[in-house]
Amino acid sequence: MSLRSIALLSFCVLLAACSKVNQENYSKLSSGMAKAEVETLLGKPTDCSGALGMSSCTWGDQKSFISVQFAGDKVLMFSGQGLK
1 MSLRSIALLS FCVLLAACSK VNQENYSKLS SGMAKAEVET LLGKPTDCSG ALGMSSCTWG
61 DQKSFISVQF AGDKVLMFSG QGLK
């Protein structure tokens, strides 16, 4: 295995280990938080959709994710799955 391949593999492992989608950050979420605060905590969402002042954003993937529902700019409710 070349040095370049080892470096790339190491980077990928470090990136996965540094995920902000974890139990520690999930426990910091609370109803009424501003959307900007959530994005500061979790980073840019993987997916967002919404209409009429309501929106739902997800961080993570199908196995490990945090989903947050917003009313306007404030957290209404949130859930998580597969967090470590």
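Going by UniProt numbering, the sequence shown opens with residue 1, and the numbers climb by one from there. For each residue, glycine too, the CB sits at the ideal point set by N, CA and C. Computed from a prediction, not measured in an experiment: that's the story for all the values here.
- Candidates G80, G72, K44, E24, of which the one nearest M33 by Cα: G72
- Message: Please state the DSSP three-state secondary structure of C48.
- Response: strand
- Query: What does a CB cutoff of less than 8 Å around N25 pick up in its chain, not counting 5 residues either side in sequence?
  - Reply: L41, L42, I66
- My guess is that S55 and F70 are in contact by the Cβ rule of under 8 Å, so how many angstroms apart are they, rounded? Taking C-beta atoms under 8 Å as the contact rule, S55 and F70 qualify, at a distance of about 5 Å.
- Can you give me the start and stop residues for the beta strand (DSSP E) that K74 sits inside? 74–81
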